[in-house]
Amino acid sequence: MTDQFSRRVALRATAVGAAGLAAALTGCSGPGATRPASTTAAASTPAPGRRVLVAFFSRAGENYFYGGRTNLAIGNTEVVAGMIRDRSGADLYKIEPVEPYPNRYDEAVDRNKQEQESGALPAIAGALPGVGPYDTVILGSPVWGSRAPRIMSTFLAGIDLVGKTVLPLVTYAVSGMSGIDEFYRDALTTSTVDRGLAVQGEKVRDAGPDIGNWLRGHNLIS
Ligand SMILES: Cc1cc2nc3c(=O)[nH]c(=O)nc-3n(C[C@H](O)[C@H](O)[C@H](O)COP(=O)(O)O)c2cc1C
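Here it is in structure tokens:
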């Protein structure tokens, strides 16, 4: 968590007042908390001949929600990944840490801070995907501390994306893309890192039109 993000959260907590703050402290449950990932895609047809992999990291559990907290049954980025699959027929690969991130939000923030400050490469559980058959790889993650979680760097170090089109995907609370697309562009000099998509975490289930337009803009659906 950057100071900037922490400051904004503090401001939001002040703005929502005592009731909101109490809800935040007791872990209120927002509307995004329990609904399963959407499977109702607007009419769309996967573009023939395109092989797409969505490789994503996502953490369920206690998270930020409009200045308070919620408990996510499915992480926001995983919801978006499912919506992309439903619309485009993309394959999904979920990046799972060997040491799971804490369920408690503040503890996850602390661990991320340590990992970002030390440049850690948290280990990934299980085998990495074979990316050979794919021409397009969507790299999905939440924004953590205004950057990509360090486990995305572990992933990049373990796979060869030479010649692939890479599309950044993030979900966030306030920070937007946060330069994560530029980070991938700098890291993946032998790939084409094209226009990414940033979706606000609280609104992932309403993001169908934006997701559809983004996929269509990259000729991944018609
Ligand atoms: C450890 C941690 C750090 C976060 N840092 C930021 C941040 O710097 N900027 C921001 O907009 N949101 C931040 N968030 C909020 C998440 O980016 C947002 O809730 C996202 O949609 C979560 O996706 P996920 O459920 O797929 O993990 C942070 C959340 C966590 C748990």
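In the working numbering, the protein residues as written are 14 to 235.
Think of the CB as a built atom: it goes at the ideal place given N, C-alpha and C, for glycine as much as any other residue.
For clarity, every value in this text was computed on a predicted model and none was experimentally measured.
Asked, Found
"CB of residue 125 to nearest heavy atom of ligand 1: below 6 Å?", "yes"
"Per the DSSP calculation, residue 75 is bridged to which residue(s)?", "84"
"Mind checking whether residue 184 and residue 58 have CB atoms under 7 Å apart?", "no"
"In the structure shown, what three-state DSSP assignment does residue 104 receive?", "strand"
"Just list the residues that DSSP pairs residue 129 with in beta bridges.", "Answer is none; residue 129 lacks a bridge partner."
"If we count the other Cβ atoms within 10 Å of its Cβ and call it buried at 16 or more, is residue 127 buried or exposed?", "exposed"
"Write down the C-beta distance between residue 69 and residue 215 rounded to the nearest angstrom, noting that I regard them as a contact closer than 8 Å.", "18 Å between Cβ atoms; not a contact."
"For residue 201, which residues from the same chain have a beta carbon less than 8 Å from its beta carbon, with the 5 sequence-adjacent residues on both sides left out?", "169, 174 and 179"
"When the Cα atoms are used, what is the spatial distance from residue 97 to residue 224?", "7 Å"
"Would you report the Cα separation of residue 236 and residue 205, rounded to the nearest angstrom?", "For residue 236 there is no data in the structure shown, the boundaries of the chain being 14 and 235."
"Determine the DSSP secondary structure at residue 254, reduced to helix, strand or coil.", "Residue 254 lies beyond the residue range present for the chain, which begins at 14 and ends at 235; the question has no answer from this structure."
"Quick check on residue 222: does DSSP put it in helix, strand or coil?", "helix"
"Does at least one heavy atom of ligand 1 sit under 6 Å from the Cβ of residue 88?", "yes"
"Terminal residues of the continuous beta strand (DSSP E) containing residue 69?", "65–69"
"Please report the straight-line C-alpha distance between residue 151 and residue 93, rounded to a whole angstrom.", "11 Å"
"Between residue 85 and residue 76, how many whole angstroms is the CB-CB distance? I'm expecting something under 8 Å.", "5 Å"
"Let me check one thing: in DSSP terms, what residues is residue 182 bridge-paired to?", "153 and 210"
"When the distance is taken between beta carbons, is residue 110 closer than 7 Å to residue 135?", "yes"
"Taking residue 72 and residue 114 to be in contact with their CB atoms under 8 Å, please state how far apart those CB atoms are, rounded to whole angstroms.", "5 Å"
"Please list, in chain order, all residues of the same chain as residue 138 whose beta carbon is under 6 Å from its beta carbon, the five residues on each side excluded.", "109 and 111"
"State the start and end residues of the unbroken alpha helix (DSSP H) segment that holds residue 114.", "First-last for residue 114: undefined, no H or E at that position."
"Determine the contact status of residue 103 and residue 234, defining contact as a CB-CB distance below 7 Å.", "no"
"Can the beta-carbon of residue 64 be found less than 7 Å from the beta-carbon of residue 148?", "yes"
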